[in-house]
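Protein sequence lines, in the order shown, are assigned to chains A and B. Residue numbers for the first sequence follow this note's numbering, beginning at 19 and rising by one. Residue numbers for the second sequence follow this note's numbering, beginning at 19 and rising by one. Glycine included, each C-beta is placed from N, C-alpha and C at the ideal position. Since the structure is predicted, the reported quantities are computational estimates derived from the model, not experimental observations.
Number of protein chains: 2
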Amino acid sequence: MENRRVVLASRPAGWVTEDNFRIESCPLPVAGQGEVLVRNLWLSLDPYMRGRMSDANSYVKGVDIGELMVGQTVGEVLDSRNEHFKKGDKVLTQLGWQLYGVAKELTKIERTDVPLSYCLGVLGMPGFTAYFGLKEIGQPKAGETVVVSAASGAVGSVVGQLARLWGCRAVGIAGGAQKCEYVTRELGFDACVDHKAGNLRRDLERACPKGVDVYFDNVGGEILDTLLARMNLFGRVVVCGTISDYNATEPYRVRNLRAILVNRLKMQGMIVFDWRARYGEALAALAGYLAQGKLKYRESVIEGLENAPAGLIGLLKGSNFGKQLVKLG
Amino acid sequence: MENRRVVLASRPAGWVTEDNFRIESCPLPVAGQGEVLVRNLWLSLDPYMRGRMSDANSYVKGVDIGELMVGQTVGEVLDSRNEHFKKGDKVLTQLGWQLYGVAKELTKIERTDVPLSYCLGVLGMPGFTAYFGLKEIGQPKAGETVVVSAASGAVGSVVGQLARLWGCRAVGIAGGAQKCEYVTRELGFDACVDHKAGNLRRDLERACPKGVDVYFDNVGGEILDTLLARMNLFGRVVVCGTISDYNATEPYRVRNLRAILVNRLKMQGMIVFDWRARYGEALAALAGYLAQGKLKYRESVIEGLENAPAGLIGLLKGSNFGKQLVKLG
Numbered sequence: 019m020e021n022r023r024v025v026l027a028s029r030p031a032g033w034v035t036e037d038n039f040r041i042e043s044c045p046l047p048v049a050g051q052g053e054v055l056v057r058n059l060w061l062s063l064d065p066y067m068r069g070r071m072s073d074a075n076s077y078v079k080g081v082d083i084g085e086l087m088v089g090q091t092v093g094e095v096l097d098s099r100n101e102h103f104k105k106g107d108k109v110l111t112q113l114g115w116q117l118y119g120v121a122k123e124l125t126k127i128e129r130t131d132v133p134l135s136y137c138l139g140v141l142g143m144p145g146f147t148a149y150f151g152l153k154e155i156g157q158p159k160a161g162e163t164v165v166v167s168a169a170s171g172a173v174g175s176v177v178g179q180l181a182r183l184w185g186c187r188a189v190g191i192a193g194g195a196q197k198c199e200y201v202t203r204e205l206g207f208d209a210c211v212d213h214k215a216g217n218l219r220r221d222l223e224r225a226c227p228k229g230v231d232v233y234f235d236n237v238g239g240e241i242l243d244t245l246l247a248r249m250n251l252f253g254r255v256v257v258c259g260t261i262s263d264y265n266a267t268e269p270y271r272v273r274n275l276r277a278i279l280v281n282r283l284k285m286q287g288m289i290v291f292d293w294r295a296r297y298g299e300a301l302a303a304l305a306g307y308l309a310q311g312k313l314k315y316r317e318s319v320i321e322g323l324e325n326a327p328a329g330l331i332g333l334l335k336g337s338n339f340g341k342q343l344v345k346l347g
Numbered sequence: 019m020e021n022r023r024v025v026l027a028s029r030p031a032g033w034v035t036e037d038n039f040r041i042e043s044c045p046l047p048v049a050g051q052g053e054v055l056v057r058n059l060w061l062s063l064d065p066y067m068r069g070r071m072s073d074a075n076s077y078v079k080g081v082d083i084g085e086l087m088v089g090q091t092v093g094e095v096l097d098s099r100n101e102h103f104k105k106g107d108k109v110l111t112q113l114g115w116q117l118y119g120v121a122k123e124l125t126k127i128e129r130t131d132v133p134l135s136y137c138l139g140v141l142g143m144p145g146f147t148a149y150f151g152l153k154e155i156g157q158p159k160a161g162e163t164v165v166v167s168a169a170s171g172a173v174g175s176v177v178g179q180l181a182r183l184w185g186c187r188a189v190g191i192a193g194g195a196q197k198c199e200y201v202t203r204e205l206g207f208d209a210c211v212d213h214k215a216g217n218l219r220r221d222l223e224r225a226c227p228k229g230v231d232v233y234f235d236n237v238g239g240e241i242l243d244t245l246l247a248r249m250n251l252f253g254r255v256v257v258c259g260t261i262s263d264y265n266a267t268e269p270y271r272v273r274n275l276r277a278i279l280v281n282r283l284k285m286q287g288m289i290v291f292d293w294r295a296r297y298g299e300a301l302a303a304l305a306g307y308l309a310q311g312k313l314k315y316r317e318s319v320i321e322g323l324e325n326a327p328a329g330l331i332g333l334l335k336g337s338n339f340g341k342q343l344v345k346l347g
């Protein structure tokens, strides 16, 4: 048996292209003492991966040229030299873009009531990001208006549904009529604004007649700038992603920062790792809503490791629909 | 007896000029039932006044053309038709740029251990702004580095001294060598960077070898942008003033906002009115430090109402030194 993996071939200048990746074959790794050999079944694709492909300063070190692309996976234990795991166990790992890997730090997935892949989405990092970002930084109060960008994505879709569950008006921003329809009809948001329609400011005004109390920002750039000018007194801006800047060679320059003073806004960065100690709380809440049918969740599945690069490129361009996964098994 | 007052003659486009003001004579007002006639002794000049001269959206309605310029004053009661005040009482009012006025909402000044004018500075709004902005939004921990811009001003000078009193490294930013020397030698800051010297980034790096944990921003614009890139993980930015934008016809566009995400910064707007209910706490703390000689305070005094416009223009250009007052009495 041999392993296959995707490495970073070159750093993107602007948009990511397939040339930035290389697929390699290599021998199957062997588990050492305390380690576990895992066959990856699902690879999660996430916007943060764009950051790792760059050598710009970020919250985690980037991937070096020739190194394995990082990523979270769900897999099955093939061989274990760790007393806590046995063959056949399902596990959550950080094994990256490859078919097999040897892991030391991994988590057993005990839950069998939902598909395994949910641990990479609604019951994993994206779900927890939505939960803590909205609850702890957004601090929404019943009756307030919550706006979230990338509303049909893995994080945004949960943010808006939680906002509704917690008594708020939920307004999404998404690219294209089809996504907007999904966000309102399927996910139950009160409204969704199509930022590709070219009337973001006016459309937001209509969708948020009482202004915006919480803006959960997954995109940064011009959409953030437009929202800043729509925030209510004491509004909160959850800064969770800057996808619009990921592929720009120069960062967008924000014009409406004075709104922070005028309206006493609080703007705060959100990275899910900071909430590690409370993952259990988020998992219990999200799994509960899911079991009660109160939380809808959609996956977008690509088959095969060789299609992962195209999958990430699509994700960065917004062509996915729901949580983007690569099926490896 | 007649009254004299300064009204807004026209709105400034960019920098304020003396043409934007007009001095008028008018009859002395008469106190009605429940009102008090006050002779103003001191008028406070503050950067926020530039905002009131504009019709742009702000946290308080602007002054209309032909209307009295707003401002806080300290005065003496000449005639009272309000049972809580009597002739000779010293009072804090919002009577604006005039020699006499009739007030309904005013505060008696009981304190006699400090000059009356202190109620407009270190023991008034600027002092309270520094206290709550630093304590509640900046939340400095001992050993952290606190940077404050407009460091020789009414707010900045208190921010840095409180930072030192609370166990932090205090670094000021001020315009010119003379102000910087005052900030370090007189006020006891650990360092002060001259933003006019043209090496803000490098000089900040030297003054803050461990990075910046709290940035108390009185100026906005390029200085804020530079600081964003120097903030430590979980740093706090207190957004208190945007004086650099007040006189620009186009707002400065901030480039380094991504730092909010990468370093999980919290950036929050601060207006002192929001803390009204706790003014007593700030007053007790600041008066205590002052009495113990732990808090230094400097005033910059202009004589005569007719010189108030030039005083505000100087303040906006940074030519004042310490709290800017107009002596009317």
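- Residue pairing by DSSP places residue 98 of chain B opposite B:54 in a beta bridge.
- The alpha-carbon of residue 39 of chain A is positioned some 20 Å away from that of residue 261 of chain A.
- Judged by DSSP secondary structure, residue 209 of chain A falls within the beta strand (DSSP E) whose first and last residues are 209-212.
- Sequence-distant Cβ neighbours of residue 300 of chain B in its own chain, meaning closer than 8 Å and more than five residues away, are 145, 146, 149, 150, 293.
- For the stretch 273-284 of chain A, the beta-carbon criterion of a distance under 7 Å to any beta-carbon of chain B is satisfied by 273, 275, 276, 278, 279, 280, 281, 282, 283, 284.
- Per DSSP, residue 258 of chain B lies in no alpha helix (DSSP H) segment and is marked neither H nor E.
- Going by DSSP, residue 68 of chain A is part of no beta strand (DSSP E) but of the alpha helix (DSSP H) stretching over 66-70.
- Taking the beta carbon of residue 157 of chain A as reference, no residue of chain B falls within 7 Å; the closest one sits roughly 13 Å away.
- Distance check between residue 92 of chain A and each of A:137, A:63, A:85 places A:137 closest, using alpha-carbon atoms only.
- One finds 276 in chain A with Cβ atoms closer than 8 Å to the Cβ of residue 263 of chain B, taken in chain order.
- The beta-carbon separation of residue 63 of chain B and residue 344 of chain B, rounded to 6 Å, stays under the 8 Å limit for a contact.
- Scanning B:70, B:152, B:142, B:58 for the CA closest to the CA of residue 106 of chain B turns up B:58.
- Distance from residue 330 of chain B to residue 34 of chain B at the Cβ level is roughly 7 Å; contact confirmed, criterion being Cβ atoms closer than 8 Å.
- Runs of alpha helix (DSSP H) with 4 or more residues, each lying fully within the stretch 221-297 of chain B, are found at 239-246, 261-264, 276-280, listed in chain order.
- Taking residue 153 of chain B as the centre and dropping the five residues before and after it, the same chain places no C-beta closer than 7 Å to its C-beta.
- Neighbours of residue 171 of chain B across chain A, judged by C-beta separation under 7 Å, do not exist; the nearest C-beta is about 16 Å away.
- By the Cβ rule, the stretch 155-164 of chain A counts as touching the stretch 177-188 of chain A, because three or more pairs are nearer than 8 Å.
- A direct Cα-to-Cα measurement between residue 342 of chain A and residue 251 of chain B gives close to 30 Å.
- For residue 260 of chain B, the nearest CB of chain A lies under 8 Å from its own CB, placing it at the interface with that chain.
- Here residue 286 of chain B is buried: its Cβ has 16 or more other Cβ atoms, across all protein chains shown, within 10 Å.
- DSSP places residue 137 of chain B in the helix class (H, G or I) of the three-state scheme.
- For residue 61 of chain B, the closest of B:326, B:120, B:337, B:340 by C-alpha to C-alpha distance is B:326.
- Taking 8 Å as the CB threshold, residue 131 of chain A stays off the interface with chain B.
- At a cut-off of 8 Å between beta-carbon atoms, residue 70 of chain B makes no contact with chain A.
- With a threshold of 8 Å between beta carbons, residue 271 of chain B makes contact with chain A.
- Residue burial is scored here from C-beta neighbours: residue 167 of chain B has at least 16 other C-beta atoms within 10 angstroms and is therefore classed as buried.
- Listed along chain A, the residues sitting closer than 7 Å to residue 257 of chain B by beta-carbon distance are 278, 279.
- At least 8 Å separates the CB of residue 41 of chain A from every CB of chain B.
- Scanning the stretch 104-134 of chain A from its first residue to its last, no whole alpha helix (DSSP H) run of 4-plus residues comes out.
- Between the alpha carbons of residue 116 of chain B and residue 22 of chain B lies a gap of roughly 6 Å.
- At least one C-beta of chain A is nearer than 8 Å to the C-beta of residue 289 of chain B.
- Between the C-alpha atoms of residue 97 of chain B and residue 114 of chain B there is a straight-line separation of about 18 Å.
- Comparing alpha-carbon positions, the option among B:273, B:254, B:266 lying closest to residue 158 of chain B turns out to be B:254.
- The Cβ neighbour count for residue 284 of chain B, taken over all protein chains shown within 10 Å, is at least 16; the residue is labelled buried.
- For residue 327 of chain B, DSSP assigns no beta-bridge partner whatsoever.
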